[in-house]
Structure formats: structure tokens, C-alpha cells
Amino acid sequence: MNGSALYETYARLPLAFERGEGSWLITADGTRYLDFAAGIAVNSVGHAHPHLVAALADQAGKLWHVSNLYEIPGQRRLGERLAENSFADKVFFTNSGAEALECAIKTARRYHFTNGEENRVRIITFEGAFHGRTLATIAAGGQKKYLEGFGPPVEGFDQVPFGDLEATAKAISPDTAAILVEPIQGEGGIREVPAGFLRELRELCDKHGLLLIMDEVQTGIGRTGKLFAHEWAGITPDVAAIAKGIGGGFPMGACLATGEAAKGMTPGVHGTTFGGNPLAMAVGNAVLDIVLEEGFLEEVSRKGLLLKQGLASLADEFPHVVEEIRGSGLMVGIRCKAANSALQQAMREEKLLGVPAGENVVRLLPPLNVTDEEIRDALERVGRAMRALSHSAEEKSA
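Letter by letter, the sequence shown follows residues 611 to 1008 of my numbering.
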């Protein structure tokens, strides 16, 4: 066999890490990288956080897996804590964000089925969205690059232009079950949905008897300075999908719903083998211990402002490199004038890691407990990377 035994579905960087400490990743030879990728908004409290390590190690010595044939006390506790701190009454635990979205889609369809309207299965989504890699969620996202080669897209999704209320209203039919939206499109390029538009979507759903589904896989669990990003708009959804940050690096997700929305999800209609396992629940509860500490979310907002203001200054300094600074809390995007891959490469040369996104954006998604000093360090590295790009552009035009 030539090359790796792995599927060649990733264009991996020739870079590997041996260990992590907080906001830092360290290679086998001891080279330290400041990690403002955080596993794509996953390592919510950094690498090797002592509280998470202790929770996982303690649970690992007791019980790993029993399945949902039995009560799992950690699952009941985490579900209750998520419900107490959100709009939700009911929680279903999954292994990933895509599975959480699948559960959300099924919840919406079963809700209408239970109401005697089994025709109501269609869900309105928005251009630029990313909801996962399953056949249903790539159809929901509607992006051609993810749909190509996988046969006819799964039926039931109607996509409308981003932020277009008139088009959204026109797309509603007697078969519409729900509207699905990300409060901030992460993969789409850190595109914030205006709070006013989210409120208008809530009103549309109320008017037409639809469920409002929030995809909070990337924005949830404190990433924007609220536990859930939709809170900034002062609204509540009927269903929400979370993942990434709730596990702090351990694979897990959840579908949250009101009791009314979840009424069709009765015994036997949905399930999972690994979802809600004792290991994941121990880590999820440990993450909430930290994120729900008094003042933690306010600190995320303050640090996000520090990062965004610093980037705005760099945008003023390097107008030939930066088109725009976007984002909320510690979910920030640099829209580039040149290829975003060029800025990423220049940042890596400065031992700083970011994440690419749509619309030629580089995302900065540091751990939520990143320090002010690390933010300033990152800004210095971004500045040096932009200066190198700017010099390179000047030399090419000379």
C-alpha cells in the first residue's frame, strides 16, 4: 500500500502535536504554538484542563459504557443543568453536532406528525449555512461542494438567501415544519445574523405554527459571551443543537427542546448507542462547572472585545491585507483581501493557529479561558504575519 491507510478526505498540514497546555499546543520537538483554533471551537477551556482531566480519569476508572438501556446518573444531571440554564425542558445526548442536528430535524417532523399534520416535514434553511456532513445535514446546508457526488439530495429542505425575510416568508408552505438557522454562520465566514432578523424569524414561526431550530453547534456554550448566542436577540427557539464546546474536546453533542416541541419523541422513535455515555457526561458536567461560574461569560465578552479591538487596529494598519473584522465574543473572523490561506500560512510561521472559513475568512476561536496576555501575544503574531504579507505584496508590485 502506498501512503497512508487513512481516507484521503483531509488536506492535512504537515504538523503534529504531542501535548497541549491551556491555549498552547506543543510538538514532539518542543515547539510551542498559540492555539487560536481550539479544535474548531471545541477546546472550550483549553488543553488538559485539570478539572476536565480529573473528571475523565475518575469516570474512566469506574464505568465507560452501559448504553441507554439503563439510567445514567451523569446524563440526568447534565440534562437538568442544561435545561435549568436554557429555554429547554428536554435534552437528547449525541456524539456530534451532525447527530444533534439530525435529532433536531426529526424532533420537528415528529412534532407535526403528532399534531396530525404529517405533511409538515419541510425545513427552511439559509444560503451559506453549514449543518454537518450526514446526508440530511449536507442537504440542509445546501452547499454544492458538499453535495456533489452523493446522489440526489435528501428531500425536505428549502433554502433562501441569507437574511432575506421576504424570501423566508414566501418559502413557507402548508408543508413547512420549521426554520433552521445558525445565529452566526461559522463555516460560512463568521456571518452574524442580525438580532432583529432572529426576532422576525421567531414571529414568523409563531404566526405560521412552525418550530424555530437554532444550530448552536459552534456558537453555544459561551463562545459569544452568552451561554447560547440566540440570547443576544432576546428570543427563545423551540429546538437547539449543540456540540463542540460542551465536551471541551471529548466527542459529544445534544439536542435541546421545549417539552411541547419534544412531545413526539416517545420511546423507540429515536436512539443512540454511544450518546450520553458516562465518560462524555463526566466531561460535559465538568465543562459546565467552569462555564457557569459567576462572571465567566462576562469575561468571555470582555476578552472578545479586547481581541476584536486589537484586530480592528491591525485592519487600519494593513488595509491592503484586511477587508473586514467580524464576530462576537471569542468567535472572530478576519476577512482577507488576498487569499485567506496566505494569512493562515503567515500566522503559522509566527506559531499561531487559526481556522479557515467561507468568504475568504480566517477564524480566531481561542479557548474561552484564554488570558489577556495570550490575546495580546496573538495580536502581535497576527501583526507580524500581516506585515510579512504586506511586504510580500509590495515586492510583487514593485
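Glycine is no exception: its CB is placed at the ideal position from the N, C-alpha and C atoms.
Measure the CB-CB distance between residue i and residue j and report whether it falls below 8 Å.
i, j, result
"LEU666", "PHE860", "yes"
"GLY964", "SER938", "no"
"ALA710", "ALA867", "no"
"ALA967", "LEU999", "no"
"LYS961", "LEU644", "yes"
"LEU989", "LEU924", "yes"
"ALA788", "ILE823", "yes"
"ILE733", "LEU790", "yes"
"VAL992", "MET957", "yes"
"GLN685", "THR735", "no"
"PHE772", "ARG801", "yes"
"VAL827", "ASP785", "no"
"ALA651", "GLY796", "yes"
"GLY863", "SER706", "yes"
Is it right to say residue i is buried, meaning 16 or more other beta carbons lie within 10 angstroms of its own, or is it exposed?
i, result
"TYR680", "exposed"
"GLU694", "exposed"
"HIS722", "buried"
"VAL879", "exposed"
"ALA626", "exposed"
"HIS930", "exposed"
"THR834", "buried"
"PHE702", "buried"
"LEU692", "buried"
"LYS754", "exposed"
Between which two residues does the alpha helix (DSSP H) holding residue i run?
i, result
"ILE636", "It is not in any alpha helix (DSSP H) - ILE636 instead sits in the beta strand (DSSP E) that spans 634-636."
"VAL663", "660-670"
"LEU673", "That residue, LEU673, is in no alpha helix (DSSP H); it is neither H nor E in DSSP."
"ARG687", "683-694"
"GLU631", "Where GLU631 is concerned, there is no enclosing alpha helix (DSSP H), although the beta strand (DSSP E) it sits in stretches over 629-631."
Just tell me which of the options has its CA closest to the CA of residue i.
i, options, result
"PHE906", "GLY759, ARG732, LEU837", "LEU837"
"HIS661", "ARG743, GLY894, GLY878", "GLY894"
"ILE935", "GLU618, LEU757, ALA698, ILE944", "ILE944"
"GLU984", "ALA651, ASP639, GLY656", "GLY656"
"ASP848", "GLU758, ALA648, ALA714", "ALA714"
"ALA574", "PHE767, LEU808, LYS672, GLU618", "Residue 574 lies beyond the range of the chain shown here (611 to 1008); nothing can be said about it."
"LEU673", "ARG973, MET891, PHE627, VAL803", "MET891"
"ILE682", "ALA896, LYS918, ASN887, ALA922", "ASN887"
"ARG812", "LEU616, GLN828, GLY832, HIS840", "HIS840"
"ILE782", "ASP816, ARG809, ARG691, GLY798", "ASP816"
"MET996", "LEU692, GLU765, VAL803, GLU933", "GLU933"
"GLY920", "ASN678, ASN653, ARG986, LEU692", "ARG986"
"MET941", "PHE928, LEU978, GLN955", "LEU978"
"LYS700", "ALA850, VAL663, ASN970", "ALA850"
"ASN970", "LEU917, SER951, GLU737", "SER951"
"ILE900", "GLY832, ARG912, LEU889, LEU917", "GLY832"
From which residue to which residue does the beta strand (DSSP E) around residue i run?
i, result
"ILE944", "941-946"
"ILE935", "932-938"
"ALA949", "From DSSP, ALA949 is part of no beta strand (DSSP E); its letter is neither H nor E."
Suppose only complete runs of 3+ residues qualify. What are the beta strand (DSSP E) ranges in the segment 773-826, listed by chain order?
786-791, 821-825
Unbroken alpha helix (DSSP H) runs of length 4 or more, entirely within the segment 698-739: which are they?
707-724
Continuous beta strand (DSSP E) assignments of at least 3 residues falling wholly in the segment 843-928:
849-852, 863-867
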